[in-house]
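Working notes for the structure below.
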Amino acid sequence: MIYHLLLFILGLLLLYLGAEWLVKGSSRMARFFGIKPIIIGITVVAFGTSSPEACVSLIAVIKDTRSIALGNIIGSNIANIGLILGLSALISPIKIELSLLRRELPIMIIASLLLYFMALDGKLTFFDGIILLLGLLAFLGFCCFSVLSKSSSDEGLVKDLIPLKENNGVIWKHITFSLLGLFFLVGGSHFIVESSLFIARSFGISELVIGLSMVAIGTSLPELATSLVASYRKENEICIGNAVGSNIFNILFVIGTMSIITTLSIDEGVLEFQFPIMLLFSLGIFPLMKTGFILGRKEGMILFLGYLIFLALLFHSPN
């Protein structure tokens with residue numbers, strides 16, 4: 446048991462390093478080839494926040510442990526709002542930008558509802574995956590159009606997130622960073638899936654519950670760390686942007702890709718409990734912002750307690 450717990454922790458460490466190096470290498474390569482920083486921010490950096498969830502779920506699908514794969518995504522989306530936004534708001538109230546209300550938040554809710562209605566027949570098929578990936582392309586195109594139509598001042602924010610020292614090295618260094626990051630992501634995902642399976646079977650807990658809880662929290666740790674630091678520094682746009690952006694990518698890209706690889710069977714319990722909880726957290730942000738588009742400490746406490754209640758209910762009937 447200790448061996449598999451250490452393997453799980455090692456997997457998390459590799460996921461963190463892999464995501465960091467993949468984003469760093471890919472963004473520097475993109476800038477080397479003259480791609481606009483804001484486009485890099487919307488695509489490479491945004492994907493980087495979801496790469497741990499993506500790799501773990503895709504490896505789980507390949508290993509035919511689909512319950513862990515699906516549970517990881519649903520659990521991560523719930524954790525992104527209940528755990529990450531909840532704790533971030535407890536540290537420092539989060540002001541919601543108007544652009545986020547008009548663009549990312551509605552798209553997150555639409556994507557969540559679309560996924561729910563697709564799953565009502567008990568499965569997510571190849572055709573469903575194509576629709577989700579087309580939705581991702583439409584979202585990225587809409588974001589690029591919206592940002593590029595604004596003043597160039599927005600590019601300054603993304604330049605702060607992407608290193609400017611692409612001239613200090615040559616292109617092979619950027620490629621090496623990217624490949625190492627991808628290698629670490631795949632290796633870490635393999636360790637997490639294998640150790641999670643062992644832990645689930647040892648305690649007689651279903652793979653779905655392990656995916657919804659232990660794996661989901663583990664793959665959300667990079668976003669949690671980033672958001673807590675950003676909240677402490679009062680960089681509100683990073684806190685909310687991480688959570689909402691990750692949820693959108695998890696649904697449209699990760700579940701879309703998994704559905705193309707193989708048909709995903711959806712248990713009745715997932716449709717009756719986990720999916721509605723995910724929708725409740727997504728929709729619940731709006732009424733909580735009644736104090737002038739701000740998630741205050743009171744609202745953060747509601748989100749965090751809601752997440753703890755979700756975990757308690759989850760393990761109350763672990764099978």
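Using the numbering used here, read the sequence shown as starting at 446 and increasing by one per residue.
Ideal Cβ placement from N, Cα and C applies to all residues, glycine included.
Looking only at PHE587, LYS743, LEU758, the smallest Cα-Cα distance to PRO538 is reached by LYS743.
Annotated as proximal: PHE698 and SER495, with beta-carbon spacing under 8 Å.
In the assembly as shown, HIS635 is a buried residue. Its beta-carbon has 16 or more other beta-carbons within 10 Å. MET553 is a Cβ neighbour of ASN692, given a cutoff of 8 Å. Where THR570 is concerned, there is no enclosing alpha helix (DSSP H), because DSSP gives it neither an H nor an E.
Note on PRO551: under 16 other CB atoms within 10 angstroms of its CB, so exposed under the neighbour-count rule. Using a C-beta cut-off of 8 Å, the region 510-519 makes contact with the region 702-721, since at least three inter-stretch Cβ pairs fall below that distance. Each of PHE453, PHE694, ILE507 was checked against the Cα of GLU498, and the nearest Cα belongs to PHE694. In the three-state reduction of the DSSP assignment, ILE662 falls in the helix class, which pools H, G and I.
Counting only the Cα atoms, PHE755 lies some 10 Å from HIS761. Runs of alpha helix (DSSP H) with 4 or more residues, each lying fully within the region 622-694, are found at 652-655, 661-677, 681-694, listed in chain order.
The C-beta separation of ILE637 from VAL660 comes to about 6 Å, placing the pair in contact by the 8 Å criterion.
GLU668 and PHE572 have their C-alpha atoms roughly 30 Å apart.
Beta-bridge partners of ILE539 (DSSP): LEU740. Residue PHE738 holds the alpha-carbon nearest to the alpha-carbon of LYS540 among PHE738, ILE507, SER533. Our two residues, LEU753 and ILE616, have alpha carbons roughly 46 Å apart in a direct line. ILE706 has its alpha-carbon roughly 28 Å from the corresponding atom of GLY649. Going by DSSP, ILE518 is part of the alpha helix (DSSP H) stretching over 511-524.
Taking LEU459 as the centre and dropping the five residues before and after it, the same chain places the C-beta of PHE629, GLY632, GLY633 closer than 6 Å to its C-beta, in chain order. Counting the other CB atoms within 10 Å of its CB gives GLY690 a total of 16 or more, which places it among the buried residues. By the neighbour-count criterion, in which a residue is buried when 16 or more other Cβ atoms sit within 10 angstroms of its Cβ, PHE584 is buried. One Cα belongs to CYS500, the other to SER641, and the distance between them is close to 15 Å.
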